[in-house]
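Same order as they appear, the protein sequences are chains A and B.
Plus 52 on top of the position in the first sequence (first one is 1) and you've got our numbering.
Plus 2 on top of the position in the second sequence (first one is 1) and you've got our numbering.
No residue lacks a Cβ here, since even glycine has one placed at the ideal position from N, Cα and C.
Keep in mind that this is a model prediction, so the values were computed, not measured.
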Amino acid sequence: MNLFRLFGDLSHLASILILLHKIQTTRSCRGISFKTQALYVTVFVARYLDLFYDWVSLYNFSMKVFFISSSIYILYLMKVRFRPTHDPSIDTFRAEYLVGPCVVLALIFNYKFTFPEVLWSFSIFLESVAILPQLFMLQRTGEAETITTHYLAALGAYRALYIPNWIYRYFSEGVVDPIAVIAGLVQTALYVDFFYVYFTKVLQGQKFELPA
Amino acid sequence: QGTARAKDEL
C-alpha cells in the first residue's frame, strides 16, 4: 500500500459518504443519475464477490463490503425512499450501450479465461465508463448542486490517484496491470471537462453552470 | 516482473 492508493481509496469512500449526505440532508436524489448508480452496483458486485473466497486483508475486505452495501443502499434510496425526487426523463443515457461492449472487451482482454477473471475485467471496463450517464445528465441540465459536484470531484480524484500509484508500483515492484491502467486512464480522462469547470467555478465559490 | 492483475487493489 502506498499513499497514492490509500488517498485514492479514501477519496472513493468520501465520494460515497458525500452522496449519502446529499441525499439524506436534501431528502432528494435530484441531479443524480440512477443509471450510473445501478452501473456501480454491477461493477462492485462483479468485482468484489471474491471477498467470499479470496482473503487479502481486513482493509480490503471492509472496503469491498462497504462499496457493495452502500451502492445497493443508494439504489434503495433512489428507487424507494426518495423515489418521487428522481426524474427518469432526464436520465436518458442508454446504459446497455456501455454494458454490451464491456462484456465483449472482457471476453477478449482478461488475465485468464475463467469466470471470475472475465468478471473482473468486465467490472474494470464498466467502471471506467459508468459515470457517463451522470455526466450526460449534467450536460443536459447544464447545472448542478454544489454538493453533487463535490461528490463527482471526489469520485474522479479516486481513479486519478490510482495513476501515480501504478507508476509507483511499476518502479517499486516491477509489475504492471495493463487492463486496470488503460481503463483507469480512460476513466480519469472522462472527468477532464468536469474538473475544468469544478476548479474554475465551484472552487471559486460560483455555481456549477455550463455555458449555454 | 511483468504484467499481472494487482489482486490487492480495489
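Here DSSP, grouped into helix, strand and coil, assigns Ala196(A) to strand.
Scanning its chain for C-beta atoms nearer than 7 Å, with the 5 sequence neighbours on each side dropped, one finds around Asn54(A) the residues Asn217, Tyr220, in chain order. Closest in C-alpha terms to Leu72(A), from the list Val97(A), Ala90(A), Leu127(A), Gly60(A), comes Leu127(A). Taking a C-beta distance under 8 Å as the contact criterion, Trp172(A) and Arg7(B) qualify as a contact pair. Within the region 58-80 of chain A, Asp61 place their CB atoms closer than 7 Å to a CB of chain B, listed in sequence order.
Sorting Gly226(A), Val170(A), Tyr203(A), Phe161(A) by C-alpha distance to the C-alpha of Leu101(A) places Val170(A) at the top. Asp245(A) is outside the set of residues whose beta carbon lies under 8 Å from a beta carbon in chain B.
Residue state for Phe165(A) is assigned as coil, using DSSP reduced to three classes.
By alpha-carbon distance to Phe96(A), the top candidate from Thr144(A), Gln76(A), Ile120(A) is Ile120(A).
The region 75-94 of chain A makes no contact with the region 219-239 of chain A; the number of CB pairs closer than 8 Å stays below 3.
Annotation: Cβ neighbours of Ala232(A) in chain B (cutoff 8 Å, chain order): Arg7, Ala8, Glu11. Inter-residue distance for Glu11(B) and Asp143(A) is about 31 Å (C-alpha atoms, whole angstroms). Of all alpha-carbon atoms in Glu225(A), Leu207(A), Ile183(A), Phe246(A), the one lying nearest the alpha-carbon of Lys87(A) is that of Ile183(A). Proximity to Tyr203(A) across Gln258(A), Ser67(A), Phe56(A) peaks at Ser67(A), based on C-alpha coordinates. One finds Asp10, Leu12 in chain B with Cβ atoms closer than 8 Å to the Cβ of Asn112(A), taken in chain order. For Phe113(A), the enclosing alpha helix (DSSP H) begins and ends at 110-128.
At a cut-off of 8 Å between beta carbons, Met115(A) contacts chain B.
The beta carbon of Ser63(A) lies closer than 7 Å to those of Ala206, Ala209, Tyr210, Leu213 in the same chain, with the five residues before and after it left out. For Phe260(A), DSSP records a beta bridge to Ala196(A).
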